[in-house]
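What follows is one structure encoded as structure tokens, with my remarks underneath.
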Amino acid sequence: MVGIEEIAGYIPQGRISNDELAKQYKLEENFIREKIGVINHSVMGVDETAMDMCLNAFKNLQNKVNVENIDAVVVVTQNPDFKLPHLSAMLHKELEMSKSVACFDISLGCSGYVYGLSIMQSFMEANGFKRGLLFTADPYSRIVDKDDKDTSLLFGDGASVTLLSENAKFHSKRILFGTDGLAGWDSLICRNQKLEMNGRQVFSFAATEVPKQIQRLLEMEDMKIVDIDLFILHQGSRYIVKTIQKRLGVEESKVPYEIFDYGNTISSSIPLILANHLHNQNIKKVVLSGFGVGFSWASLVLIKE
Numbered sequence: 001m002v003g004i005e006e007i008a009g010y011i012p013q014g015r016i017s018n019d020e021l022a023k024q025y026k027l028e029e030n031f032i033r034e035k036i037g038v039i040n041h042s043v044m045g046v047d048e049t050a051m052d053m054c055l056n057a058f059k060n061l062q063n064k065v066n067v068e069n070i071d072a073v074v075v076v077t078q079n080p081d082f083k084l085p086h087l088s089a090m091l092h093k094e095l096e097m098s099k100s101v102a103c104f105d106i107s108l109g110c111s112g113y114v115y116g117l118s119i120m121q122s123f124m125e126a127n128g129f130k131r132g133l134l135f136t137a138d139p140y141s142r143i144v145d146k147d148d149k150d151t152s153l154l155f156g157d158g159a160s161v162t163l164l165s166e167n168a169k170f171h172s173k174r175i176l177f178g179t180d181g182l183a184g185w186d187s188l189i190c191r192n193q194k195l196e197m198n199g200r201q202v203f204s205f206a207a208t209e210v211p212k213q214i215q216r217l218l219e220m221e222d223m224k225i226v227d228i229d230l231f232i233l234h235q236g237s238r239y240i241v242k243t244i245q246k247r248l249g250v251e252e253s254k255v256p257y258e259i260f261d262y263g264n265t266i267s268s269s270i271p272l273i274l275a276n277h278l279h280n281q282n283i284k285k286v287v288l289s290g291f292g293v294g295f296s297w298a299s300l301v302l303i304k305e
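Oh and the sequence shown: position 52 is 52 in my numbering, straight run, nothing missing.
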């Protein structure tokens, strides 16, 4: 069965301090730390691109994978470097891969990693592929309005790459999906190259739909909250992660929040955290849940091999 073998990530060195932005917006320090939960957010260099971030993530993985053995490359992004060609084709070129490699992009935001795992697993198993790379990269610094406190305090740039193979450390069980385009289509939207967000609507959606989906998922898998070792939620903000944690009745130690120094990296937020816990032998069962723009949300259970 195809599953997750390795994960590597990349965070650009550039930082913007939310302490400085807090002064600009006349916000209290407690609001930044307790509600937003981002002290600094990462920013790509002036000449850096989404492809560069993906390649840098791959550099942290390349000693564990031979590109000659890769059958598929998929990139999750809504902010590629060009409208066309697809970013995965550009990575194919830079990594000097075989012409037989399947490459395509997935246009999803915060739910994209969970969707991507499901798509990759199904696609690889259906075609007899042995090894594939799932990249995530969504440089929101390109579209964030620096004068908009609803978005400029939250988002950071980053990328990840996940190696999927039959030599898996974790494989996924059932996956549940959700979409509400009627309520969500304009709650997070890019108009005229600028990101607009209705924070209250996004919070209300996530706080309502995500706990329900996770509870339903566990019921369908005949599992209970206490059976899960780790709940890795999309790192939308500290407040939303804590709200979902409390509504699920999960102890805080099982719900990591690790984005204080780089911010909400969209589809990369889950794999960047999962990478930190992938080799922990005490973690056997993990819930992943991504949610956001669309509205789109998806949750799955990972089981250690």
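Every residue gets a Cβ at the ideal spot worked out from N, C-alpha and C, and that includes glycine.
TODO: Assign ALA183 to buried or exposed, taking buried as 16 or more other Cβ atoms, counted over all protein chains shown, within 10 Å of its Cβ.
DONE: Here residue 183 refers to the residue found at position 183 of the sequence shown. Under the 10 Å beta carbon count, ALA183 is surrounded by fewer than 16 other beta carbons and is classified as exposed.
Open item on the list: Considering only their Cβ atoms, is the gap separating MET53 from TYR25 smaller than 8 Å?
Closed with: Within the sequence shown, residue 25 is the residue found at index 25, counting from 1. Within the sequence shown, residue 53 is the residue found at index 53, counting from 1. No, they are not a contact pair.
- [ ] Buried or exposed for ASN18, please, with buried defined as at least 16 other CB atoms from any protein chain shown within 10 angstroms of its CB.
- [x] Translated into the one-based positions of the sequence shown, residue 18 becomes position 18. Result: buried.
TODO: Flag this pair as touching only if the stretch 133–150 and the stretch 158–167 have three or more C-beta atom pairs under 8 Å; answer yes or no.
DONE: yes
Task: Extent of the continuous beta strand (DSSP E) run through SER42 - done: Locating residue 42 in the sequence shown gives position 42, counting from the first residue. Run containing SER42: 40–43, per the beta strand (DSSP E) assignment.
Task: CB contact flag (LYS285, VAL301, <8 Å) - done: Taking the first residue of the sequence shown as position 1, residue 285 is located at position 285. Taking the first residue of the sequence shown as position 1, residue 301 is located at position 301. Yes.
Open item on the list: Going by beta-carbon coordinates alone, are ILE266 and GLY37 separated by less than 8 Å?
Closed with: For the purposes of this step, residue 266 is taken as the residue at position 266 of the sequence shown. For the purposes of this step, residue 37 is taken as the residue at position 37 of the sequence shown. For ILE266 and GLY37, no; Cβs fall outside 8 Å.
Task: Residues that MET197 bridges to, as DSSP identifies them - done: For this step, residue 197 is matched to residue 197 along the sequence shown. Paired residues: LEU188.
Open item on the list: Please report the straight-line C-alpha distance between MET51 and ARG142, rounded to a whole angstrom.
Closed with: To locate residue 51, count along the sequence shown from 1; it is residue 51. To locate residue 142, count along the sequence shown from 1; it is residue 142. Rounded to the nearest angstrom, the two C-alpha atoms are 14 Å apart.
- [ ] Identify every run of the beta strand (DSSP E) within the stretch 137–180, keeping only runs that are complete inside it and at least 3 residues long; order them along the chain.
- [x] Taking only runs of at least 3 residues, the beta strand (DSSP E) segments lying wholly in the stretch 137–180 are 159–165 and 170–179.
- [ ] Indicate whether the contact test is met: 3 or more Cβ pairs, each with one atom in the stretch 109–129 and one in the stretch 65–85, closer than 8 Å.
- [x] Below 8 Å, enough C-beta pairs join the stretch 109–129 and the stretch 65–85 to call them touching: three or more.
Task: Opposing strand residues paired with LYS304 [DSSP bridges] - done: As a first step, residue 304 is located in the sequence shown; it is residue number 304 there, counting from the start. In DSSP, LYS304 forms a bridge with PHE170.
TODO: Return the chain-ordered list of same chain residues with a C-beta closer than 6 Å to the C-beta of GLY199, the five sequence neighbours on each side being excluded.
DONE: In the sequence shown, the residue the question calls residue 199 occupies position 199. Apart from the 5 residues on each side of it in sequence, GLY199 sits with its Cβ closer than 6 Å to the Cβ of ASP150 in its chain, given in chain order.
Open item on the list: Below 7 Å, is the gap between the Cβ of ILE225 and the nearest heavy atom of the ligand ADP?
Closed with: No copy of the ligand ADP occurs in the structure displayed, which carries no ligand at all.
- [ ] Would you mind reading off the limits of the alpha helix (DSSP H) that contains LEU87?
- [x] Here the question's residue 87 lines up with position 87 in the sequence shown. 87–94 is the span of the alpha helix (DSSP H), which, as asked, contains LEU87.
Open item on the list: Helix, strand or coil, according to DSSP, for SER237 in the structure here?
Closed with: Taking the first residue of the sequence shown as 1, we reach residue 237 at position 237. Residue state, collapsed to three classes: coil.
Task: Proximal residues to GLU125 (C-beta, below 6 Å), its chain only, five neighbours per side dropped - done: Indexing the sequence shown from 1 puts residue 125 at position 125. Hits under 6 Å: VAL2.
TODO: Go ahead and pull the three-state DSSP assignment for PHE260.
DONE: One-based indexing of the sequence shown puts residue 260 at position 260. In the structure shown, PHE260 sits in coil (DSSP, three-state: anything other than H, G, I, E or B).
Open item on the list: On a Cα-Cα basis, can you pick out the residue from VAL144, MET120 and LYS146 that is closest to HIS171?
Closed with: Numbered from 1 along the sequence shown, position 171 holds the residue referred to as residue 171. When only C-alpha atoms are compared, the closest one is MET120.
Open item on the list: Considering Cα atoms alone, identify which of LEU248, PHE104, GLY294 and ILE270 is closest to TYR313.
Closed with: Examination of residue 313 is not possible in this model, given that the chain is present from 1 through 305 alone.
Open item on the list: Taking only three categories from DSSP, how would you classify GLU125?
Closed with: Numbered from 1 along the sequence shown, position 125 holds the residue referred to as residue 125. In this structure, GLU125 counts as helix in the three-state DSSP scheme.
- [ ] Could you check the C-alpha separation between GLU251 and GLN215 for me, to the nearest Å?
- [x] For the purposes of this step, residue 251 is identified with residue 251 of the sequence shown, where counting begins at 1. For the purposes of this step, residue 215 is identified with residue 215 of the sequence shown, where counting begins at 1. Answer to the nearest angstrom: the Cα atoms are 15 Å apart.
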